[in-house]
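First comes the structure, then the notes that go with it.
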Amino acid sequence: MTPQTHWTVPRGVGWTEAADDQGRSIIYVAPLPDGPVSVLPDQSAVIWLAAVEGGGDVVDMVADVLGHHTDYVRADVEAFVAELVQRGLLRRE
């Protein structure tokens with residue numbers, strides 16, 4: 001993943017953001033109209049939001065939000081973004 005990589009939600013995929021009882025983001029995302037619905041809590045919600053709304057390098061944004069060094073989160077962030085792409089929930093723009 002390069003700093004110039006931009007991500008988008010494909011046509012036919014819907015998502016919404018909610019909060020748990022402690023105010024942390026939870027993302028619900030699904031192919032429409034039949035699903036299945038994927039629930040992305042905690043760090044996975046941070047990664048999703050960085051990818052679809054962030055406008056910058058996803059790894060850098062996630063590291064900043066979570067208070068970690070980019071090298072600490074890079075492998076996990078890149079693996080999760082790749083999984084979202086494989087599942088058809090996210091695509092490279």
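Mapping the sequence shown onto UniProt numbering, position 42 (from 1) lands on 42, and the numbers just tick up by one. Don't be surprised by glycine CBs; every beta carbon is placed ideally from N, CA and C.
Practice task
Please work out which residues of its chain come closer than 6 Å, Cβ to Cβ, to residue 132, disregarding the five sequence neighbours upstream and downstream, and give them in chain order.
Solution key: The structure shown does not extend to residue 132, since the chain spans only 1 to 93, so no value can be given for it.
Problem - Backbone CA spacing between V59 and R74 [nearest angstrom] - result: If I take the Cα positions, the gap works out to 6 Å.
Problem - When A51, G23, T70 and D21 are compared against R91, the one with the closest alpha-carbon - result: A51
Handout entry: Beta-carbon contacts of G12 that lie in its chain and below 7 Å, excluding the five residues immediately before and after
Key = The answer, listed in chain order, is P31 and L32.
Problem - E83 to P36 span [Cα, whole Å] - result: 15 Å
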